[in-house]
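Participant: The numbering of the sequence shown is our numbering, which starts it at 459 and goes up by one.
No residue lacks a Cβ here, since even glycine has one placed at the ideal position from N, Cα and C.
Encoded as structure tokens, here's the structure I'll be asking about.
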Amino acid sequence: MGCGHKCARTSLAIFTVFGTLLSLVAAFSCDFVIKIEYTYWYGHTWNGLGFLGRSKHGFEGSSDFCVGWSSEEKEYLLDGYWNAGFAFALLAFSLGMLTMIGSFLFCCLGNVTNKIYCSLVIIYVFTAMFQGLTFVSFASDVYDTLESWEGLNYHVGVGAGCAILATIVWLLCAILAGRSKIQNEIEEQAEEQVQHYNNEPIIAKAVFASEEPIVNETVTVREDGTKVIERLTMFPDGSQEITTTEVKLIENPAKSPV
Numbered sequence: 459m460g461c462g463h464k465c466a467r468t469s470l471a472i473f474t475v476f477g478t479l480l481s482l483v484a485a486f487s488c489d490f491v492i493k494i495e496y497t498y499w500y501g502h503t504w505n506g507l508g509f510l511g512r513s514k515h516g517f518e519g520s521s522d523f524c525v526g527w528s529s530e531e532k533e534y535l536l537d538g539y540w541n542a543g544f545a546f547a548l549l550a551f552s553l554g555m556l557t558m559i560g561s562f563l564f565c566c567l568g569n570v571t572n573k574i575y576c577s578l579v580i581i582y583v584f585t586a587m588f589q590g591l592t593f594v595s596f597a598s599d600v601y602d603t604l605e606s607w608e609g610l611n612y613h614v615g616v617g618a619g620c621a622i623l624a625t626i627v628w629l630l631c632a633i634l635a636g637r638s639k640i641q642n643e644i645e646e647q648a649e650e651q652v653q654h655y656n657n658e659p660i661i662a663k664a665v666f667a668s669e670e671p672i673v674n675e676t677v678t679v680r681e682d683g684t685k686v687i688e689r690l691t692m693f694p695d696g697s698q699e700i701t702t703t704e705v706k707l708i709e710n711p712a713k714s715p716v
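Take a look at the structure:
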């Protein structure tokens with residue numbers, strides 16, 4: 459059997475951790491998309507957009523910081539597509555946290571039913587779907603508005619890249635959960651076979667443990683005086699042999715009177 463089931467559960471837990479971390483970055487990074495703004499002899503400066511705010515990188519004296527969206531920006535810039543993308547990102551991260559905790563608990567538990575694995579497969583598929591739906595934010599007018607104000611086009615940043623990787627990882631987790639279910643079924647069948655052997659009749663176990671055959675005889679006498687002897691022989695290998703013997707009584711001839 460090897461470590462099939464145990465290895466599958468351990469791999470599932472590890473991949474779930476990676477997926478949760480990637481979903482975390484996708485939901486809360488200020489660099490979901492980025493654009494290079496200026497290029498100097500010492501490097502680049504660029505801006506980033508995320509669901510929580512805007513970031514600036516490479517500016518002298520104020521490098522790498524994130525500023526939340528102001529109330530005016532939320533009112534005039536953030537539309538339904540942007541908010542929907544953020545909602546799907548939060549859903550993916552929340553489900554990822556739940557599955558991460560559950561996968562570590564399953565690594566510690568001895569018996570996990572197939573229904574739980576089926577539920578995990580469904581949850582991972584939904585998590586991957588929500589993670590992919592994060593990209594509905596690309597249909598938002600935020601990008602067009604800022605590009606018209608600031609120029610240059612935004613492209614995939616750290617957050618969007620993590621969202622793509624997280625979607626792939628969640629699909630891999632669904633496959634691993636299905637593989638864990640198969641390994642669990644194999645182990646359950648093996649346990650049933652062992653239990654079936656342990657529940658064999660006691661007399662059969664005694665025959666198997668004994669080095670000599672056990673013989674049981676049953677004697678029946680018919681009306682005509684014939685004895686029927688049934689002999690049941692049980693051998694150490696579990697085989698049986700039944701023999702039947704009939705013994706007829708011979709009456710002495712009556713003595714004639716002198």
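Measuring alpha carbon to alpha carbon, tell me which of 686, 690 and 694 ends up nearest residue 705.
Facilitator: The residue with the shortest Cα to Cα distance from residue 705 is 686.
Participant: Check for me: the alpha helix (DSSP H) holding residue 699 runs from which residue to which?
Facilitator: Element bounds for residue 699: not the alpha helix (DSSP H) but the beta strand (DSSP E), 698-705.
Participant: Just to confirm the assignment, what range does the alpha helix (DSSP H) spanning residue 513 have?
Facilitator: Counting along the chain, residue 513 falls outside any alpha helix (DSSP H), though it belongs to the beta strand (DSSP E) covering 511-515.
Participant: Report the residue ranges of all alpha helix (DSSP H) runs contained in full by the segment 520-596; include only those spanning at least 4 residues, in chain order.
Facilitator: Whole alpha helix (DSSP H) segments, 4+ residues: 529-534, 538-566 and 572-591.
Participant: By DSSP's criteria, residue 479 is part of a beta bridge. Which residues make up the other side?
Facilitator: For residue 479, which the question treats as bridged, DSSP gives no partner whatsoever.
Participant: For residue 476, which of 536, 625 and 574 has the nearest alpha-carbon?
Facilitator: The shortest Cα separation from residue 476 among 536, 625 and 574 belongs to 625.
Participant: Distance check for residue 559 and residue 507, CA to CA, integer angstroms please.
Facilitator: In a straight line, the C-alpha of residue 507 is about 30 Å away from that of residue 559.
Participant: Tell me the DSSP secondary structure of residue 506 in three-state form.
Facilitator: Strand, per DSSP.
Participant: Compare the beta carbon distance of residue 585 and residue 553 with 8 Å and say whether it is the shorter of the two.
Facilitator: Yes, Cβ-Cβ distance for residue 585 and residue 553 is below 8 Å.
Participant: Anyone know if the C-beta pair for residue 474 and residue 561 falls short of 8 Å?
Facilitator: Going by C-beta atoms, residue 474 is nearer than 8 Å to residue 561.
Participant: Would you mind reading off the limits of the beta strand (DSSP E) that contains residue 689?
Facilitator: From DSSP, the beta strand (DSSP E) with residue 689 extends over 685-692.
Participant: Can you give the Cα-Cα distance for residue 415 and residue 581, rounded to whole angstroms?
Facilitator: In the structure as shown, the chain begins at 459 and stops at 716. Residue 415 is therefore absent and cannot be evaluated.
Participant: Tell whether a beta-carbon distance below 8 Å holds between residue 719 and residue 616.
Facilitator: Residue 719 is absent from the structure shown; the chain starts at 459 and stops at 716.
Participant: Among the residues of its own chain, which have a CB less than 8 Å from the CB of residue 637, if the five just before and after it don't count?
Facilitator: These residues qualify, in order along the chain: 466.
Participant: Excluding the five sequence neighbours on either side, which residues of its own chain have a C-beta within less than 6 Å of the C-beta of residue 740, listed in chain order?
Facilitator: With the chain covering 459 to 716 only, the question about residue 740 has no answer from this structure.
Participant: Suppose contacts are defined by Cβ-Cβ distances below 8 Å. Is residue 504 in contact with residue 515 by that definition?
Facilitator: Yes, the Cβ-Cβ distance between residue 504 and residue 515 is below 8 Å.
Participant: Is residue 605 helix, strand or coil by DSSP?
Facilitator: Looking at residue 605 - three-state DSSP - the assignment turns out to be helix.
Participant: For residue 688 versus residue 675, is the C-beta spacing smaller than 8 Å?
Facilitator: Cβ distance < 8 Å, so residue 688 and residue 675 count as in contact.
Participant: If you measure between the beta carbons of residue 603 and residue 510, is that distance less than 8 Å?
Facilitator: No. Outside cutoff.
Participant: Take residue 598 and list the residues in its own chain whose beta-carbon comes closer than 6 Å to its own, dropping the five residues that flank it on each side.
Facilitator: Hits under 6 Å: 537, 539 and 540.
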